[in-house]
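K.L.:
I have a structure I would like to understand better, so I am pasting it below and will then ask my questions one at a time.
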Amino acid sequence: MVAAALIPVVERSQERLFPEGVSLVTRSDRSDDSELFPEELRAIARATPARQREFALGRCCAREALALLGGPRVAIPVGRFRDPVWPFGYVGSIAHCQGFCAVAVARTLPASGCPTIRGLGLDSEMAVSLPEELIGIVCSAKECIWLASRQGDGLPWDRLFFCAKKSAYKCLFPTTHHFLEFRDMAVRFDAEHSSFDVTLPSRYGSPSHLAGCYLIQNRLVLSATTWVQEPDCP
Ligand SMILES: CC(C)(COP(=O)(O)OP(=O)(O)OC[C@H]1O[C@@H](n2cnc3c(N)ncnc32)[C@H](O)[C@@H]1OP(=O)(O)O)[C@@H](O)C(=O)NCCC(=O)NCCS
Numbered sequence: 000m001v002a003a004a005l006i007p008v009v010e011r012s013q014e015r016l017f018p019e020g021v022s023l024v025t026r027s028d029r030s031d032d033s034e035l036f037p038e039e040l041r042a043i044a045r046a047t048p049a050r051q052r053e054f055a056l057g058r059c060c061a062r063e064a065l066a067l068l069g070g071p072r073v074a075i076p077v078g079r080f081r082d083p084v085w086p087f088g089y090v091g092s093i094a095h096c097q098g099f100c101a102v103a104v105a106r107t108l109p110a111s112g113c114p115t116i117r118g119l120g121l122d123s124e125m126a127v128s129l130p131e132e133l134i135g136i137v138c139s140a141k142e143c144i145w146l147a148s149r150q151g152d153g154l155p156w157d158r159l160f161f162c163a164k165k166s167a168y169k170c171l172f173p174t175t176h177h178f179l180e181f182r183d184m185a186v187r188f189d190a191e192h193s194s195f196d197v198t199l200p201s202r203y204g205s206p207s208h209l210a211g212c213y214l215i216q217n218r219l220v221l222s223a224t225t226w227v228q229e230p231d232c233p
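Written out as C-alpha cells, the structure is:
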C-alpha cells in the first residue's frame, strides 16, 4: 500500500529528481521469474522467493527504462559487488524498499542539449529515524551537529543522510569500483529545494561533488543522485 501510493508522486517528480534525458520507471506489483534472462536466473537461483521477486521486479523496471531510451532488451547481469551491469552506452541504478522498486537509466552519450551523465544513483528507505547506533556510523560529527539543529522539525534527517549517501555510492561504484564508507562522504541538504550536495574525499579525484534530490512521501524516502560529467578545464 505504501509502495503503490508513492508511484504517482515519483512520476510527477521525475523532472525534478533527475536531469532531462533520464528515464525513471517505478513499480510495486509482482513480476514472475519468466521475465528474467538465463544468466539473471542463475545469479538469483539460491535466493529466497521474496528476494527473487524483488530482483525480477528490478530487472523488469530496468528493461522498461532502457526501452524508453531506445535501448536494447538484454540481460542486466549482476556484477562482482552486486552492482547491476548496464549495456554499453548506458548507466543506471536500482532501488528497492518494501515492495516498491524504482529504476533510473540514462545514455552515456546523450542527445544534443542534454548533459553527459556518467552515473545515476537511487535509494529508497522507510521514512523513519535510523537506529541510534547507526547514526555515528553514517554521519560525521559536523553532520550530527546539523542533525541536532533540525531536531523537532518532524523529518527523519538521519535517514535522509543514510539514503543520500547510499544513492551517491550506487551512482559512483559501477564506474569507479571504489569502495566508500558512509563517513567518507559529506552531505549538505538544501531543505528549501529538497536537494543535497555530496562532497567526496579528495583521494577520490574526480568527481569531487555529486548533486542529488530527495522526496519524502507516504512514509518512504527516495534519494536520487546524478554524476554529471564535469566540463574539461580550458
Ligand atoms: C550498494 C548498497 C549500499 C545497496 O544497499 P541495499 O540495502 O542493498 O539497497 P537497495 O535494496 O535499495 O538496493 C539494492 C540494489 O542496489 C544495486 N547495487 C547493489 N550493489 C551495488 C553496487 N556496488 N553499486 C551500485 N549498485 C549496487 C543493485 O541493483 C541492487 O538491487 P538488485 O540486487 O535487485 O539488482 C550495498 O549493497 C553495498 O554494496 N554496501 C557496501 C558499501 C557500503 O555500504 N558503503 C557505505 C556507504 S553506501
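FYI, numbering that gives the first Met the number 0 numbers position 164 of the sequence shown as 163, with every residue one higher than the one before it. For glycine and all other residues, C-beta sits at the position ideal for the given N, C-alpha and C.
Distance, Cα to Cα, A126 vs R158?
P.N.:
Their Cα atoms are separated by approximately 7 Å.
K.L.:
Which two residues bound the contiguous alpha helix (DSSP H) that contains R106?
P.N.:
That residue, R106, is in no alpha helix (DSSP H); its beta strand (DSSP E) goes F99 to R106.
K.L.:
Would you check if the distance between the CB atom of G186 and the CB atom of K164 is smaller than 8 Å?
P.N.:
According to the sequence displayed, residue 186 carries Val and not Gly. It is a contact, given that the beta carbons lie within the stated cut-off.
K.L.:
Please list, in chain order, all residues of the same chain as L108 whose beta carbon is under 7 Å from its beta carbon, the five residues on each side excluded.
P.N.:
Excluding sequence neighbours, L108 sits near G88.
K.L.:
With C-beta atoms as the reference, is V197 less than 8 Å away from A223?
P.N.:
Result no, Cβ atoms of V197 and A223 do not sit closer than 8 Å.
K.L.:
Compare the C-alpha of P200 against each of M184, T175 and D122 and name the closest.
P.N.:
Checked all of M184, T175 and D122; the closest Cα to P200 is M184.
K.L.:
Let me check one thing: in DSSP terms, what residues is V90 bridge-paired to?
P.N.:
A105, per the DSSP bridge assignment.
K.L.:
Spatial neighbours of G57 within its chain, please: C-beta separation below 6 Å, excluding the five flanking residues on both sides.
P.N.:
Closer than 6 Å at Cβ, skipping near neighbours: I93 and C100.
K.L.:
Are G118 and L171 touching if we call contact CB-CB under 8 Å?
P.N.:
Result yes, Cβ atoms of G118 and L171 sit closer than 8 Å.
K.L.:
Mapping DSSP to helix, strand and coil, what is R255?
P.N.:
Absent from the model: residue 255. The displayed extent of the chain is 0 to 233, so no value can be given.
K.L.:
Please say whether V227 and T115 have beta carbons closer to each other than 8 Å?
P.N.:
Cβ atoms of T115 and V227: closer than 8 Å.
K.L.:
Scan the region 8-82 and note each continuous beta strand (DSSP E) run of 3 residues or more that stays entirely inside, going in chain order.
P.N.:
DSSP runs (the beta strand (DSSP E)) wholly in the region 8-82: 22-26.
K.L.:
Considering A167, what are the terminal residues of the alpha helix (DSSP H) in which it resides?
P.N.:
Per DSSP, A167 belongs to the alpha helix (DSSP H) from W156 to T175.
K.L.:
Counting C-beta neighbours from all protein chains within 10 Å, is the total for E124 16 or more, i.e. buried, or is it exposed?
P.N.:
The residue in question, E124, is buried, as its Cβ has 16 or more Cβ neighbours within 10 Å.
K.L.:
For E191, does the three-state DSSP call read helix, strand or coil?
P.N.:
If DSSP states are grouped into helix, strand and coil, E191 belongs with coil.
K.L.:
Is C60 closer than 8 Å to V102 when the C-beta atoms are compared?
P.N.:
Yes; because the gap between Cβ atoms is below 8 Å, this pair is in contact.
K.L.:
Per DSSP, which one or two residues make a beta bridge with Y203?
P.N.:
Y203 pairs with nothing; no bridge assigned.
K.L.:
With a threshold of 7 Å, establish whether the CB of Y89 neighbours any heavy atom of ligand 1.
P.N.:
Checking every heavy atom of ligand 1 against the Cβ of Y89, none is found closer than 7 Å.
K.L.:
Please state the DSSP three-state secondary structure of G112.
P.N.:
Reduced to three states, the DSSP call for G112 is coil.
K.L.:
What distance in whole Å lies between the Cβ atoms of E34 and C113, which are believed to be in contact at a cut-off of 8 Å?
P.N.:
Contact flag wrong, Cβ pair sits at about 29 Å.
K.L.:
Does the distance between the C-beta of I215 and the nearest non-hydrogen atom of ligand 1 fall short of 7 Å?
P.N.:
No, the Cβ of I215 stays beyond 7 Å of every heavy atom of ligand 1.
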